[in-house]
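Heads up, the thing below is written out as structure tokens.
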Amino acid sequence: MAHAKPIATLRTAAGVPVGRLAMWWLLASEIVIFGGLLVGYIIHRNGHPEWAIEAANTNTLAGAINTFVLLTSSLSAVLAHQAAQTGNGKRAARFLWLTILGACMFLVIKSFEWTHEIQLGFTLTKSGFWSFYYCAAGLHAAHVIAGSIAMGVVAVDAAKGKELQRVEYVGIYWHFVDVVWIFLFPLLYIAK
Amino acid sequence: MSATDHAHDDHGHHEQQNFFLKYFWSTDHKIIAQQYMWTGVFMALIGGFLAYAFRMQLAFPGKFIPGFGYMSSLEYNAAVTNHGTIMIFWFAMPVLIAAFGNLLIPLMVGCDDMVFPRINRLSYQVFLISAVILVSSFFVKGGGFNGAWTAYPPLSANSDYNMAPAGSSLWLIAVALEFVAFLLGGINFIVTAMSSRAPGMRMWDVPIVVWMIVVASILFMLSVGPLFAGAVMLLFDQNFGTYFFNPERGGDPILWQHLFWFFGHPEVYVVLLPAMGMSGEIIATFSRKKLFAYKTLLYTVFATGIISFFVWAHHQFIAGIDPRMANVFTVTTLIISVPIAEMCFLYIATLYGGSIRLKVPMLWGLAFVAEFLLGGVTGIFLGASGADIYFHDTYFVVAHFHYTFVPIAIIGFFMGFTYWFPKMYGKMLNETLGKIHFWITILGFNMIFIPLFFTGMWGDHRRIYNYSHFPDLVKNGIMQDLRIMATVGLLIMLSAQVIFLMNLIKTALSKQENCGPNPWKSNTLEWTAPSPPGHGNFAVMPTVYRGPYEYSLPDRESDFWPQSEPPDADKQA
Amino acid sequence: MIESFVPQASSFAAEIDNLILLVTVITMAWFVAAQAIFFGFIFKFREKPGQRAMHIDGYKPEHKRWITYPHNAVLVFDVIVLVFAVKAWNHVKIDQPTPNTTVQVIGQRWAWTFVHAGNDNAVGTPDDIKTADELHVKVGDIVRFEGTSRDTLHSFSVPAFRLKQDIIPGRVNSGWFQPTVAGTYTIQCTEICGIGHGVMAARIVVDTAESYATWMAANAPSGT
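Respectively, the protein sequence lines represent chains A, B and C.
Quick note: the first sequence, position 169, residue 169 per the numbering used here, numbers continuous.
Quick note: the second sequence, position 462, residue 654 per the numbering used here, numbers continuous.
Quick note: the third sequence, position 52, residue 817 per the numbering used here, numbers continuous.
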């Protein structure tokens with residue numbers, strides 16, 4: 001169905017494009033989702049010093065590499081935004097695909113890491129720590145996947161020079177996914 | 193506005209759509225509003241039927257319930273659980289926030305649709321799926337979820353305890369999906385109201401109901417996250433045997449209570465505010481008065497919203513939280529009574545000096561304030577921690593929150609529906625039938641819950657399927673009499689809805705002429721659009737020149753002054 | 766109000782009842798006044814032919830004070846309620862007077878087990894007396910209870926004592942009470958705990974000193 005944008009979408013009484021405004025509100029709701037999960041985790045972690053022994057079994061190196069991969073992918077998201085601002089949709093799309101490549105690398109490393117941990121017997125039900133570990137990192141991974149799909153859709157449009165403003169919005173989302181990982185990495189990997 | 197022509201192009205295009213596209217695949221906010229509304233009303237019928245079944249069981253324990261059969265203890269628990277869940281998440285939320293939010297926000301801020309119409313459609317579709325999942329959970333092996341709408345683990349987490357393995361997971365999935373639907377809808381509401389206001393509409397020119405729905409959406413967005421995470425965790429506990437809420441290996445059941453009530457208390461205000469806002473619109477229109485101290489009212493809304501994040505643990509006073517914490521939450525809980533009381537004062541003050549027309553929507557709007565007052569003051573008993581030791585989990589609590597939720601959801605639905613019915617369908621409802629329906633419903637409602645204050649005060653605790661197991665709760669005959677009275681009240685209230693249905697049918701069949709754009713002579717922008725508004729809402733996109741409540745200005749002949757009427761048009765007239 | 770149906774049988778029952786009475790008086794006074802003004806306005810300012818509504822925006826000081834006064838009054842009454850509520854709460858839930866005896870309250874689906882301390886006033890010793898669904902205490906004794914659950918949440922509630930405490934698996938939620946009137950009272954479970962929640966009742970028997978001694982002697986585990 002052909003879809004013409006309503007007048008409502010074109011107005012900016014708030015002084016901000018509607019897409020960016022909506023993205024910030026979306027992030028606000030995402031922050032409280034992760035906030036609730038992490039506050040629950042931190043409270044439990046403080047109540048259970050013995051979880052440090054469990055946490056020692058996480059693969060800090062893999063986590064660190066993944067941090068590097070995600071940060072790098074955020075850089076390419078910024079470059080995509082920059083390209084979109086100059087109106088170069090093709091270049092923006094290329095950088096978005098590069099970002100998606102980073103996301104895929106992140107997921108591949110993560111799946112090797114998890115496979116290894118599960119083989120060692122550190123499963124979801126081993127203890128409260130591993131429940132939180134898989135749940136928090138899993139929820140984050142779901143966001144990585146969702147962000148990649150969104151970027152793919154935007155990249156296809158951007159390559160045709162359409163909806164270039166969306167490059168910025170998926171970029172904001174991607175930085176958020178990145179920031180969540182910045183919180184998860186020390187909480188789940190480094191705190192031993 | 194250069195974009196005006198553009199909307200007209202779309203208009204012609206729309207009328208060629210077939211029935212399915214028009215009613216099931218529409219991105220038009222008015223259609224989506226009606227989808228939400230009628231789905232919500234349908235779910236309310238299910239919730240009402242469950243209420244009928246368990247009230248019959250309480251009044252006549254162990255007897256055959258017509259239309260249901262004999263009720264077991266487990267069925268009773270499932271009925272109570274799903275009654276609560278449905279009435280809050282599948283009736284109050286979709287009708288008050290989603291239906292009226294969808295209907296009113298674009299019309300009242302003077303634009304043609306939501307900012308993201310397709311996300312809006314997606315929101316309803318996710319909601320519909322969640323409703324289907326919830327209803328289907330009644331029919332799986334083990335029956336529907338029976339761990340109370342608060343779903344406290346370990347009962348909710350362990351199917352050995354609740355004996356409804358599939359029902360509890362489906363219930364949880366349905367609730368989580370419903371949250372997703374309202375998050376999508378909420379973003380739309382907030383952005384539309386922030387960004388797509390008509391030219392000239394400043395912050396203080398936005399009708400109060402729009403403000404309240406937006407604040408409610410923000411409250412929802414900022415409070416539901418932890419419970420969403422909690423729902424994922426509980427789902428893991430149920431199905432993969434994790435230990436988030438299981439104390440055997442380091443989990444903690446209290447964590448769920450915090451996650452639940454951190455959302456659960458703001459949720460009360462999420463559904464309260466839209467109803468409060470509609471009541472304000474109606475009181476202003478039918479008393480021909482400017483809302484008393486609009487800005488103060490708005491500040492009370494903000495204050496309520498902020499404080500509502502700091503009161504949640506008053507649901508857990510006796511749950512084993514640190515008793516010193518309880519004192520902190522007693523303070524915040526009593527503080528929140530101030531802005532809520534002030535809202536009621538402002539509405540009462542609005543009536544002062546008015547010219548009050550007791551039309552059906554006004555009756556509902558006033559009944560909302562009158563009944564909500566009782567719900568409000570009885571909350572003080574429960575917020576006062578010392579008294580809550582006795583009242584916690586008794587029928588006093590049940591009566592209290594029904595005195596808030598019934599005005600919010602049921603009275604709120606009827607006031608919005610009767611007030612905006614002419615706008616939605618272009619016809620006027622029958623006043624006489626409307627008044628009969630109003631009085632019988634109100635009578636039935638009070639007859640249900642006034643007795644329950646007393647049974648609760650005298651020791652009836654909640655979620656008990658048969659009080660004859662507690663000799664001191666049946667030994668004096670009056671307790672059972674009060675329970676029967678409440679059930680009779682419910683039967684009266686339910687049967688009154690037949691009159692409402694008759695009114696709808698009579699109005700639908702009547703050949704009355706179109707009621708015109710502004711039958712109530714109201715000021716807000718939706719009344720300048722045709723009734724019902726076409727695709728694109730306004731023939732000419734409106735511009736706003738003044739606040740929404742300029743009624744009965746002394747120097748003007750007409751006693752109302754629509755927001756979009758240019759100032760000089762008045763002089764010419 | 767409450768005591769006409771539910772006896773006051775503990776040392777703090779009267780305090781809680783008085784708090785409830787205070788809240789009732791305050792809230793009902795507000796409620797009646799608000800409703801009177803509300804309906805008074807509806808009647809007084811009903812539509813009359815030829816009479817227009819006033820135009821009041823509510824910001825003028827002489828208008829706004831009609832909101833400010835009740836606003837301040839609500840605050841004052843809130844403080845009054847708060848003081849007495851916190852006082853009652855601290856008495857019941859925070860102060861822990863030295864107990865004369867201790868009892869373990871164990872909830873499990875859907876029955877109560879009580880472990881009485883016996884003569885040595887300590888639980889976990891061989892002279893403990895274990896009972897199901899019947900708790901014995903001596904009138905006037907300050908009893909410390911330690912509640913725990915074996916499965917789901919339960920709540921230990923004795924309406925005649927105005928006492929309620931959730932009990933939770935993996936935790937010990939303790940508290941105290943001092944029965945003041947001999948008799949038999951109902952213990953309810955007030956937290957939904959599954960299919961048998963509606964039948965999870967028990968009795969608390971408040972014995973006189975003599976009958977308590979008799980009961981202790983009769984139920985003392987053999988060998989102590």
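Glycine is no exception: its CB is placed at the ideal position from the N, C-alpha and C atoms.
Collapsed DSSP secondary structure at residue i in the structure displayed
i	result
C/Cys954	strand
B/Phe484	coil
C/Arg877	Residue 877 of chain C is actually Trp in this sequence, not Arg. Three-state result, C/Trp877: strand.
B/Ser194	Its pLDDT being 37, under 50, B/Ser194 is placed unreliably by the model, and nothing is read from it.
C/Glu710	The requested residue 710 of chain C does not occur in the structure, where chain C is confined to residues 766 to 989.
B/His457	helix
C/Glu827	helix
C/Phe942	strand
B/Pro734	coil
A/Lys126	coil
C/Thr867	strand
A/Ile172	helix
B/Val406	helix
C/Asp843	helix
B/Leu621	coil
C/Ile932	strand
B/Gly604	helix
Proximal residues of chain B, C-beta to C-beta of residue i below 7 Å
i	result
C/Trp831	Ala541
A/Arg11	Cys303, Ser387 and Ser388
C/Ile871	Neighbours of C/Ile871 on chain B: none; closest Cβ ~15 Å, over 7 Å.
C/Thr917	Pro346, Leu347 and Tyr353
A/Trp25	Ile379, Ile382, Val383 and Met413
A/Leu37	Ala421
C/Leu900	Chain B residues near C/Leu900: none, gap ~16 Å exceeds 7 Å.
A/His48	Gly442
A/Leu21	Val383, Met386 and Ser387
Residues near residue i in its chain [Cβ-Cβ closer than 6 Å; skip 5 each side]
i	result
A/Thr60	Tyr189
B/Gly302	Ala390, Leu717 and Pro734
B/Val416	Phe371 and Phe455
B/Glu207	For B/Glu207, the pLDDT reaches just 49, beneath the cut-off of 50, and the residue's location in the model is therefore unreliable, leaving the point undetermined.
C/His919	Gly872, Ile932, Cys954, Glu956 and Cys958
B/Ala340	Thr273
Beta-carbon neighbours of residue i, restricted to chain C and to distances below 8 Å
i	result
B/Ser479	Phe810 and Ala818
Beta-carbon neighbours of residue i, restricted to chain C and to distances below 9 Å
i	result
B/Met355	Gly959 and Ile960
Contacts that residue i makes with chain B (C-beta to C-beta distance below 8 Å)
i	result
A/His44	Gly442, Gly443, Asp444 and Leu447
Beta-carbon proximity list for residue i, same chain, < 7 Å, skipping 5 on both sides
i	result
B/Met649	Phe588
B/Asp202	Low confidence applies here, because B/Asp202 scores a pLDDT of 43, under 50, leaving its location unreliable; read the following figure in that light. His727 and Gly728, listed in sequence order.
B/His592	Gly567, Thr570, Gly571 and Leu574
B/Phe560	Ala467, Ser471, Pro599, Ile603, Gly604 and Met607
Per-residue contacts from residue i into chain C (C-beta, under 7 Å)
i	result
B/Ser714	Going along chain C, no residue has its Cβ under 7 Å from B/Ser714, so there is no contact; the nearest lies around 14 Å.
Distance cut-off 6 Å: residue i Cβ against heavy atoms of the ligand GDP
i	result
B/Phe252	Only the bare structure without any ligand can be found here, which leaves the ligand GDP out of the picture.
At least 3 beta-carbon pairs within less than 8 Å: the segment 685-699 of chain B vs the segment 250-259 of chain B: No: the two stretches stay apart, fewer than three of their Cβ pairs being nearer than 8 Å.
Contact the segment 481-497 of chain B vs the segment 537-545 of chain B: 3+ CB pairs below 8 Å: In the pairwise beta carbon analysis, the segment 481-497 of chain B is classified as touching the segment 537-545 of chain B: at least three pairs are separated by under 8 Å.
Interfacial residues, the segment 102-136 of chain A to chain B, with Cβ spacing under 7 Å: Here the close residues are Leu124, Thr125, Ser127, Gly128, Ser131 and Cys135.
Segment contact, 8 Å Cβ cut-off, at least three pairs: the segment 347-361 of chain B with the segment 301-315 of chain B: Touching, no.
The segment 924-936 of chain C: positions lying closer than 9 Å to chain B by Cβ: Residues passing the 9 Å Cβ filter: Pro924, Ala925, Arg927, Leu928, Lys929, Gln930, Asp931, Ile932, Ile933, Pro934, Gly935 and Arg936.
Contact the segment 919-932 of chain C vs the segment 575-593 of chain B: 3+ CB pairs below 8 Å: Judged by pairs of C-beta atoms under 8 Å, the segment 919-932 of chain C touches the segment 575-593 of chain B, as three or more such pairs exist.
Residues from the segment 452-465 of chain B in contact with chain A, defined by Cβ distance under 8 Å: Cβ contacts with chain A come from Phe454.
Contacting positions in the segment 655-669 of chain B - beta carbon closer than 9 Å to chain C: From the segment 655-669 of chain B, only Arg655, Ile656, Tyr657, Asn658, Tyr659, His661, Phe662, Pro663, Asp664, Leu665 and Asn668 have a Cβ closer than 9 Å to chain C.
Given 8 Å, three or more beta-carbon pairs between the segment 126-136 of chain A and the segment 36-54 of chain A: The segment 126-136 of chain A, when compared against the segment 36-54 of chain A, does touch it at the 8 Å Cβ threshold.
The segment 721-730 of chain B touching the segment 378-385 of chain B, judged by at least three CB pairs closer than 8 Å: Output reads no: the segment 378-385 of chain B does not touch the segment 721-730 of chain B.
Cβ pair count under 8 Å reaching 3, the segment 841-860 of chain C against the segment 883-893 of chain C: With contact defined as three or more Cβ pairs closer than 8 Å, the segment 841-860 of chain C and the segment 883-893 of chain C are not in contact.
The segment 438-453 of chain B contacting the segment 343-352 of chain B, beta-carbon criterion three pairs below 8 Å: The segment 438-453 of chain B vs the segment 343-352 of chain B: in contact.
Residues, ordered as in the chain, of the segment 731-748 of chain B that lie near chain A by beta-carbon distance below 9 Å: Within the segment 731-748 of chain B, the residues whose Cβ lies closer than 9 Å to some Cβ of chain A are Met733, listed in chain order.
Chain E contacts from the segment 428-442 of chain B (Cβ-Cβ distance under 7 Å): In summary, chain E is missing from the structure at hand, where the protein chains are A, B and C.
Three or more C-beta pairs below 8 Å linking the segment 961-977 of chain C and the segment 261-274 of chain B: Taking 8 Å as the limit for Cβ pairs, the verdict is that the segment 261-274 of chain B does touch the segment 961-977 of chain C.
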